[in-house]
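Enquirer: Dropping the structure in here first, questions after.
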Amino acid sequence: MESVEWLQVDASSTVPIFEQLRTQVVAAVRDGRLAPGTRLPTVRDLAGRLDLAVNTVARTYRELESAGVVETRGRKGSFVARPDAADATMAAAAQAFVAATRSVGLGRDDAVAYLDAAFAD
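Pasting the structure below:
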(Lines of atoms letter the chains of each structure in order from A and count residues from 1; the text may use other names and numbers.)
(Lines give C-alpha, C1' and ligand atoms only; values in the text may rest on other atoms or scores of the structure.)
Protein backbone atom coordinates (compact mmCIF):
# COMPACT_ATOMS: atom_id res chain seq x y z
CA MET A 1 0.00 0.00 0.00
CA GLU A 2 1.27 3.41 -0.98
CA SER A 3 2.37 6.05 1.50
CA VAL A 4 0.30 9.22 1.24
CA GLU A 5 2.54 11.79 2.90
CA TRP A 6 2.71 13.63 -0.43
CA LEU A 7 -1.02 14.41 -0.31
CA GLN A 8 -1.64 17.93 0.93
CA VAL A 9 -5.04 19.39 1.78
CA ASP A 10 -5.64 23.12 2.13
CA ALA A 11 -8.86 23.59 4.08
CA SER A 12 -8.80 27.34 3.37
CA SER A 13 -8.70 26.85 -0.42
CA THR A 14 -11.72 27.61 -2.56
CA VAL A 15 -11.05 24.30 -4.34
CA PRO A 16 -13.13 21.53 -2.72
CA ILE A 17 -11.07 19.03 -0.75
CA PHE A 18 -12.20 16.07 -2.88
CA GLU A 19 -10.97 17.94 -5.96
CA GLN A 20 -7.63 18.74 -4.31
CA LEU A 21 -7.15 15.05 -3.59
CA ARG A 22 -8.32 13.99 -7.05
CA THR A 23 -5.90 16.29 -8.88
CA GLN A 24 -3.00 15.23 -6.66
CA VAL A 25 -3.64 11.53 -7.28
CA VAL A 26 -3.93 12.12 -11.04
CA ALA A 27 -0.64 14.07 -10.98
CA ALA A 28 1.03 11.26 -8.99
CA VAL A 29 -0.15 8.70 -11.53
CA ARG A 30 1.07 10.81 -14.44
CA ASP A 31 4.52 11.48 -12.97
CA GLY A 32 5.04 7.89 -11.87
CA ARG A 33 4.83 8.28 -8.09
CA LEU A 34 1.81 5.96 -8.24
CA ALA A 35 2.50 3.08 -10.58
CA PRO A 36 -0.26 1.06 -12.23
CA GLY A 37 -1.43 -1.67 -9.89
CA THR A 38 -0.53 0.24 -6.73
CA ARG A 39 -3.06 -0.46 -3.98
CA LEU A 40 -4.51 2.70 -2.48
CA PRO A 41 -5.42 3.05 1.18
CA THR A 42 -9.00 2.24 2.07
CA VAL A 43 -11.39 5.15 2.18
CA ARG A 44 -11.52 5.01 5.97
CA ASP A 45 -7.76 4.70 6.32
CA LEU A 46 -7.04 7.67 4.04
CA ALA A 47 -9.73 9.76 5.72
CA GLY A 48 -8.15 8.98 9.08
CA ARG A 49 -4.61 9.76 7.92
CA LEU A 50 -5.68 13.12 6.47
CA ASP A 51 -8.25 13.91 9.19
CA LEU A 52 -11.04 14.16 6.62
CA ALA A 53 -14.63 12.99 6.43
CA VAL A 54 -15.01 9.49 5.01
CA ASN A 55 -17.54 10.81 2.45
CA THR A 56 -14.97 13.29 1.11
CA VAL A 57 -12.46 10.54 0.39
CA ALA A 58 -15.20 8.26 -0.96
CA ARG A 59 -16.20 10.96 -3.43
CA THR A 60 -12.56 11.36 -4.48
CA TYR A 61 -12.28 7.64 -5.17
CA ARG A 62 -15.59 7.62 -7.09
CA GLU A 63 -14.41 10.52 -9.26
CA LEU A 64 -11.09 8.78 -9.90
CA GLU A 65 -12.84 5.54 -10.77
CA SER A 66 -15.24 7.33 -13.14
CA ALA A 67 -12.23 8.85 -14.90
CA GLY A 68 -10.54 5.46 -15.24
CA VAL A 69 -7.61 6.42 -13.02
CA VAL A 70 -8.53 4.03 -10.22
CA GLU A 71 -10.23 0.65 -10.33
CA THR A 72 -11.99 -0.97 -7.42
CA ARG A 73 -11.62 -4.72 -7.10
CA GLY A 74 -14.37 -5.45 -4.63
CA ARG A 75 -13.10 -6.40 -1.20
CA LYS A 76 -9.49 -6.36 -2.42
CA GLY A 77 -9.53 -2.57 -2.51
CA SER A 78 -8.82 0.27 -4.91
CA PHE A 79 -5.84 0.23 -7.23
CA VAL A 80 -4.23 2.57 -9.75
CA ALA A 81 -5.63 1.50 -13.11
CA ARG A 82 -3.49 0.39 -15.98
CA PRO A 83 -2.78 3.32 -18.32
CA ASP A 84 -4.86 1.88 -21.11
CA ALA A 85 -8.02 2.11 -18.96
CA ALA A 86 -7.46 5.81 -18.27
CA ASP A 87 -6.46 6.42 -21.88
CA ALA A 88 -9.57 4.67 -23.15
CA THR A 89 -11.76 6.72 -20.81
CA MET A 90 -10.17 9.98 -21.92
CA ALA A 91 -10.34 9.06 -25.60
CA ALA A 92 -14.05 8.27 -25.24
CA ALA A 93 -14.64 11.53 -23.36
CA ALA A 94 -12.76 13.47 -26.03
CA GLN A 95 -14.81 11.88 -28.80
CA ALA A 96 -18.05 12.69 -26.96
CA PHE A 97 -16.90 16.28 -26.44
CA VAL A 98 -16.03 16.68 -30.12
CA ALA A 99 -19.39 15.23 -31.12
CA ALA A 100 -21.21 17.61 -28.75
CA THR A 101 -19.18 20.55 -30.05
CA ARG A 102 -19.99 19.71 -33.66
CA SER A 103 -23.66 19.10 -32.88
CA VAL A 104 -24.05 22.73 -31.80
CA GLY A 105 -22.08 24.02 -34.77
CA LEU A 106 -18.85 24.96 -33.00
CA GLY A 107 -15.32 24.35 -34.23
CA ARG A 108 -12.02 23.41 -32.63
CA ASP A 109 -11.11 26.91 -31.42
CA ASP A 110 -14.46 27.29 -29.64
CA ALA A 111 -14.10 23.82 -28.12
CA VAL A 112 -10.63 24.62 -26.82
CA ALA A 113 -11.94 27.87 -25.33
CA TYR A 114 -14.56 25.87 -23.41
CA LEU A 115 -11.89 23.48 -22.17
CA ASP A 116 -9.66 26.34 -21.07
CA ALA A 117 -12.57 27.92 -19.21
CA ALA A 118 -13.41 24.60 -17.52
CA PHE A 119 -9.82 24.10 -16.38
CA ALA A 120 -9.77 27.66 -15.02
CA ASP A 121 -12.64 26.87 -12.63
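Offset between the sequence shown (1-based) and the numbering used here: plus 1398. Cβ atoms here follow ideal geometry from the backbone N, Cα and C, with glycine treated the same way.
#1: Could you tell me the distance, in whole angstroms, from the CA atom of residue 1470 to the CA atom of residue 1437?
#2: Which parts of the region 1456–1508 are runs of the beta strand (DSSP E), unbroken and 3 residues or longer, counting only runs that do not cross its ends?
#3: Could you name the residues of the same chain whose beta carbon sits closer than 7 Å to that of residue 1457, not counting the 5 residues immediately before and after it, in chain order?
#4: What would DSSP say about residue 1437, mapped onto helix, strand or coil?
#5: Can you find the residues in the same chain that come closer than 8 Å, C-beta to C-beta, to residue 1406, ignoring five residues on each side of it along the sequence?
#6: Cα-Cα, which of 1410, 1467, 1450 is closest to residue 1428?
#7: Thinking residue 1442 and residue 1404 are a contact (beta carbons under 8 Å), I'd like their distance in whole angstroms, please.
#8: Quick one: what's got a C-beta closer than 7 Å to residue 1424's C-beta in the same chain, skipping five residues either side?
#9: For residue 1421, which of helix, strand or coil comes out of DSSP?
Expert: Working from what's here:
#1: If you number the sequence shown from 1, residue 1470 lands on position 72. If you number the sequence shown from 1, residue 1437 lands on position 39. Distance between the alpha carbons of residue 1470 and residue 1437: 10 Å.
#2: 1468–1470, 1476–1478
#3: The count along the sequence shown starts at 1 and reaches residue 1457 at position 59. Answer for residue 1457: 1416, listed in chain order.
#4: Looking up residue 1437 in the sequence shown gives position 39. Strand at residue 1437.
#5: Residue mapping note: residue 1406 aligns to position 8 of the sequence shown, counting from 1. Excluding positions up to five away in sequence, the list reads 1418, 1422.
#6: As a position in the sequence shown, residue 1428 is number 30, starting the count at 1. Looking from the CA of residue 1428, the closest CA among 1410, 1467, 1450 belongs to 1467.
#7: Your numbering for residue 1442 matches position 44 in the sequence shown. Your numbering for residue 1404 matches position 6 in the sequence shown. Not really, about 20 Å apart at Cβ, beyond 8 Å.
#8: Residue numbering aside, residue 1424 sits at position 26 when the sequence shown is read from its first letter. Correct list, in chain order: 1467.
#9: Translated into positions along the sequence shown, residue 1421 becomes position 23. Residue 1421: helix per DSSP, three-state reduction.
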